[in-house]
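What follows is a set of notes on a single structure, which appears directly below.
Residue numbers (the working numbering), protein chains in the order written: chain A, 597 to 994; chain B, 9 to 251.
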């Protein structure tokens, strides 16, 4: 519906118009408008000037709703934030993500096979200690743990870096409390527990090297204690064996406050501590006891270079073989050409022709043998070189 | 009939303004173009890759203005295209044409070269038409401004007026009747002007009306009285036609 009207006032972005039915309405200002202008406009152009409270109530309401939602959400995020990773090393390598209140958020493992173990475990938002106990019982049922023999478990805690010192202390205390509970629980199930706190950079390094945090910490600790353990073997050995060799505290110690002076010489580890004293004196029982030490991580480099040399030699030999083949083909072609020429030549008698062909054939066979011999010699030389190199490198390892 | 997404590209009032320009209202055209000047500058600058446009001696700006002028004449609302987009396109094409030409004979002398000392104002020469209606326009505007000012004396703004508008035509007619009475009877108008409010008791002697009606439409009636007392002929005509 169209109206005719006169512009009475232009204000901000609005134009007030008196229509020909004596109604005053407000529409959007258009370019070129001026007071006193008579113009036609559509009913849909009218702007409703509502009461400002009513007008803005929707805005205020929605703003409040958004604010509340944000507060709610932020709370949710913070309560769900991972503040520590607890690693469990037994026959399995599991990692539990724990929130501020020591409740488990998530369980992770690198091993696909181990995912089956935690499938039927109800762990979401449950206290760490109860999840651990459930887990151990679950393992017992599934035959992962033999409850009649001594079992050992290494538990590592890795606090997230992003918290300040004060908050960290508080969290650490929390963890300590639950650890003492865990220790008692596990002890009653014939499981000896060992605890370690790990710096987050170590955890990262361990993850990069595809080894569990616990095992990497042992490797680090063993170095501190002067024990030589091969990291590759560490990956695959039973944790029981490893824990027998390396001294680990059975109490939680805050790494940031210095480990050495806080080692707890309490009950079950006492013998271990004594053992460790022996170790520190320089006894080599490790190497005699179990063959854990193959040397440092450098060995891997050497082995790798041997592999590379081996590969290189294979390549060279393949090239030699190819060359031999090509040469033989060339000689054969040449001989065939000569023979066909002789056959075509009618001036030579039949006897002579046969004789010539035979002669060429004999020559060809000789040539081929010669080529093969040279090829073999070359290949042999390469192999010898490789053998020598390997021997040298292996000597370096020993 | 209008469906969702099938809105007309421009408002009816806008098209009416364009139609008035097309039918030869030069003053309105000037006003329209001057309202659009920032848009023209921005568009020209955008078309020339955000080049800074110096309005005084930019040839491109002049070409933009001519193109915009052309767009006003050529715009067709039936084509379902917004005026802004259309005018932008026209400006863009004219500027591209200009650039091509300019490239061909790059030794172009600026207008100022021929004009000597005089500054060459394109707009002054081509766009501003000397219009005899100027004075009349100005008077009308002044009239409206003084009307709005007078309303303020009665504590009424245009916003209030829009909010308190009687919805029904009959009630508006009723209000017109009351307003007319106040204007016609000198003593009523005297009281009205003095006290700056409607003298209800006296009014009820002349017109049969409930106090509630007057009270509710107080602002509208005041506005009507002020209009009838002013020289706003167009609106006065409207009021006359309503009866």
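The beta-carbon is built from N, C-alpha and C at its ideal position, and this holds for glycine as well.
>> Across the segment 685-692 of chain A and the segment 703-714 of chain A, are there enough close Cβ pairs to call them in contact, namely three or more that are closer than 8 Å?
In response: They touch, by the three-pair rule.
> Under 8 Å Cβ-Cβ, which residues of chain A neighbour residue 24(B)?
Replying inline: By 1-based counting over the second chain, the position of residue 24(B) is 16. Contact of residue 24(B) with chain A by beta-carbon distance below 8 Å involves 635, 636, 637.
> When we look at the beta-carbon of residue 599(A) and count the other beta-carbons within 10 Å, is it buried (16 or more) or exposed?
Replying inline: Translated into the one-based positions of the first chain, residue 599(A) becomes position 3. Here residue 599(A) is buried. Its C-beta has 16 or more other C-beta atoms within 10 Å.
> If you measure from the beta carbon of residue 105(B) to each beta carbon in chain A, is any gap under 9 Å?
Replying inline: For the purposes of this step, residue 105(B) is taken as residue 97 along the second chain, with counting starting at 1. Taking a beta-carbon distance threshold of 9 Å, residue 105(B) does not count as an interface residue toward chain A.
>> In whole angstroms, give me the CA-to-CA distance for residue 806(A) and residue 678(A).
In response: Along the first chain, read from residue 1 onward, the residue named residue 806(A) stands at position 210. Along the first chain, read from residue 1 onward, the residue named residue 678(A) stands at position 82. Straight across, the Cα-Cα distance linking residue 806(A) with residue 678(A) is about 22 Å.
> Taking Cβ to Cβ, would you say residue 905(A) is nearer than 9 Å to residue 989(A)?
Replying inline: Locating residue 905(A) in the first chain gives position 309, where the first residue counts as 1. Locating residue 989(A) in the first chain gives position 393, where the first residue counts as 1. Going by beta carbons, residue 905(A) and residue 989(A) fall inside the 9 Å limit.
> Would you call the segment 775-794 of chain A and the segment 735-751 of chain A in contact, with 3 or more CB pairs under 8 Å?
Replying inline: The segment 775-794 of chain A vs the segment 735-751 of chain A: in contact.
>> Please identify, using Cβ separations under 7 Å, the residues of the segment 33-61 of chain B that lie next to chain A, in order along the chain.
In response: Residues of the segment 33-61 of chain B that bring their beta carbon within less than 7 Å of a beta carbon in chain A comprise 36, 39, 40, 43, 44, in sequence order.
> So, is residue 125(B) buried or exposed, given that buried needs 16 or more other C-beta atoms within 10 angstroms?
Replying inline: The residue labelled residue 125(B) in the question sits at position 117 within the second chain. In this prediction, residue 125(B) has a pLDDT of 48, which is less than 50 and means its spatial position is unreliable; what the coordinates show is noted afterwards. By the 10 Å Cβ count, residue 125(B) comes out exposed.
>> Looking at the secondary structure, which residues open and close the beta strand (DSSP E) in which residue 702(A) lies?
In response: Taking the first residue of the first chain as 1, we reach residue 702(A) at position 106. Residue 702(A) -> beta strand (DSSP E) spans 700-704.
> If you drop the 5 nearest sequence neighbours on each side, which residues of the same chain put their C-beta closer than 6 Å to that of residue 721(A)?
Replying inline: In the first chain, the residue the question calls residue 721(A) occupies position 125. Hits under 6 Å: 699.
> Would you report the Cα separation of residue 996(A) and residue 932(A), rounded to the nearest angstrom?
Replying inline: The structure shown does not extend to residue 996(A), since chain A spans only 597 to 994, so no value can be given for it.
> Is the Cβ-Cβ distance between residue 243(B) and residue 629(A) less than 9 Å?
Replying inline: Residue mapping note: residue 243(B) aligns to position 235 of the second chain, counting from 1. Residue mapping note: residue 629(A) aligns to position 33 of the first chain, counting from 1. No; because the gap between Cβ atoms is not below 9 Å, this pair is not in contact.
> So which residues on chain A does residue 20(B) lean against when the C-beta distance must stay under 7 Å?
Replying inline: Here the question's residue 20(B) lines up with position 12 in the second chain. 598, 636, 637, 638, 641, listed in chain order.
> Rounded to the nearest angstrom, how far is the Cβ of residue 19(B) from that of residue 626(A), given a contact under 8 Å?
Replying inline: For the purposes of this step, residue 19(B) is identified with residue 11 of the second chain, where counting begins at 1. For the purposes of this step, residue 626(A) is identified with residue 30 of the first chain, where counting begins at 1. Rounded to the nearest angstrom, the Cβ distance from residue 19(B) to residue 626(A) is 7 Å, consistent with a contact under 8 Å.
> Rounded C-beta distance between residue 173(B) and residue 620(A)? I'm assuming under 8 Å.
Replying inline: Translated into positions along the second chain, residue 173(B) becomes position 165. Translated into positions along the first chain, residue 620(A) becomes position 24. At roughly 6 Å, the Cβ-Cβ gap stays under 8 Å, so residue 173(B) and residue 620(A) are in contact.
>> Quick check on residue 761(A) - is its C-beta less than 9 Å from some C-beta in chain C?
In response: Protein chains in the displayed structure are A and B, and chain C is not among them.
> Listed in chain order, which residues of the segment 146-165 of chain B have Cβ atoms closer than 8 Å to some Cβ of chain A?
Replying inline: Listed in sequence order: 148, 149, 151, 152, 153, 155, 156.
> Can you tell which of 632(A), 725(A), 771(A), 908(A) has the C-alpha that lies nearest to the C-alpha of residue 680(A)?
Replying inline: Residue mapping note: residue 680(A) aligns to position 84 of the first chain, counting from 1. Residue 771(A) holds the alpha-carbon nearest to the alpha-carbon of residue 680(A) among 632(A), 725(A), 771(A), 908(A).
> For a contact meaning CB atoms closer than 9 Å, what does residue 184(B) contact in chain A?
Replying inline: By 1-based counting over the second chain, the position of residue 184(B) is 176. Those are 618, listed as they occur along chain A.
> Starting from residue 623(A) and walking both ways along the beta strand (DSSP E), at which residues does that stretch end?
Replying inline: On the first chain, position 27 is the one that residue 623(A) refers to. Residue 623(A) -> beta strand (DSSP E) spans 620-624.
> Which same chain residues, not among the five before or five after residue 728(A), have their C-beta less than 6 Å away from its C-beta?
Replying inline: The residue labelled residue 728(A) in the question sits at position 132 within the first chain. Only 778 meet the Cβ criterion.
> Is residue 684(A) helix, strand or coil by DSSP?
Replying inline: For the purposes of this step, residue 684(A) is taken as the residue at position 88 of the first chain. Note: residue 684(A) maps to strand in three-state DSSP.
> Any C-beta of chain B sitting closer than 9 Å to the C-beta of residue 851(A)?
Replying inline: As a working note, residue 851(A) is residue 255 in the first chain. The predicted model places residue 851(A) with a pLDDT of 47, which falls under 50 and marks its position as unreliable; any figure quoted below should be read in that light. Among the CB atoms of chain B, none fall inside 9 Å of the CB of residue 851(A).
>> In the DSSP assignment, the alpha helix (DSSP H) including residue 208(B) goes from what residue to what residue?
In response: Taking the first residue of the second chain as 1, we reach residue 208(B) at position 200. 208-214 is the span of the alpha helix (DSSP H), which, as asked, contains residue 208(B).
>> I want to see whether chain A comes within less than 9 Å of residue 108(B), judged by CB atoms only; does it?
In response: Against the second chain, residue 108(B) aligns to sequence position 100. So no, residue 108(B) is outside the interface.
> How about residue 607(A): is its C-beta nearer than 9 Å to some C-beta of chain B?
Replying inline: Here the question's residue 607(A) lines up with position 11 in the first chain. Yes, because at least one Cβ of chain B sits closer than 9 Å to the Cβ of residue 607(A).
> With 9 Å set as the bound, which would you pick, yes or no: does the beta-carbon of residue 612(A) sit closer than that to a beta-carbon of chain B?
Replying inline: Stepping through the first chain from its first residue, residue 612(A) is reached at position 16. With 9 Å as the cut-off, residue 612(A) counts as an interface residue toward chain B.
> If we ignore side chains and look at the alpha-carbon of each, how far apart do residue 90(B) and residue 155(B) end up?
Replying inline: The count along the second chain starts at 1 and reaches residue 90(B) at position 82. The count along the second chain starts at 1 and reaches residue 155(B) at position 147. Looking at the backbone, the Cα of residue 90(B) and that of residue 155(B) are separated by about 35 Å.
> Does DSSP put residue 678(A) in a helix, in a strand, or in coil?
Replying inline: The residue labelled residue 678(A) in the question sits at position 82 within the first chain. Here residue 678(A) sits in coil by DSSP.
> By a C-beta neighbour count over all protein chains shown, 10 Å radius and 16 as the cutoff for buried, is residue 925(A) buried or exposed?
Replying inline: For this step, residue 925(A) is matched to residue 329 along the first chain. So residue 925(A) ends up on the exposed side.
> Which of the residues in the segment 232-251 of chain B, read from start to end, lie with their CB under 9 Å from any CB of chain A?
Replying inline: For the segment 232-251 of chain B, the residues whose beta carbon sits under 9 Å from a beta carbon of chain A are, in order, 232, 235, 240, 242, 243, 245, 246, 247, 249, 250.
>> What would DSSP say about residue 217(B), mapped onto helix, strand or coil?
In response: In the second chain, counting from the first residue as 1, residue 217(B) sits at position 209. In this structure, residue 217(B) counts as coil in the three-state DSSP scheme.
>> Within 9 Å of any Cβ in chain A, is that where the Cβ of residue 256(B) sits?
In response: Outside the displayed span of chain B (9 to 251) sits residue 256(B), for which this structure offers no information.
> In three-state DSSP terms, what is residue 865(A)?
Replying inline: Sequence index remark: in the first chain, residue 865(A) carries index 269 (1-based). Annotation note: pLDDT 38 at residue 865(A) (below 50); position unreliable, no value reported.
> Which residue's Cα is closest to the Cα of residue 949(A): 961(A), 816(A), 708(A), 936(A)?
Replying inline: Here residue 949(A) corresponds to residue number 353 of the first chain, with the count starting at 1. Among 961(A), 816(A), 708(A), 936(A), the Cα nearest to that of residue 949(A) is on 936(A).
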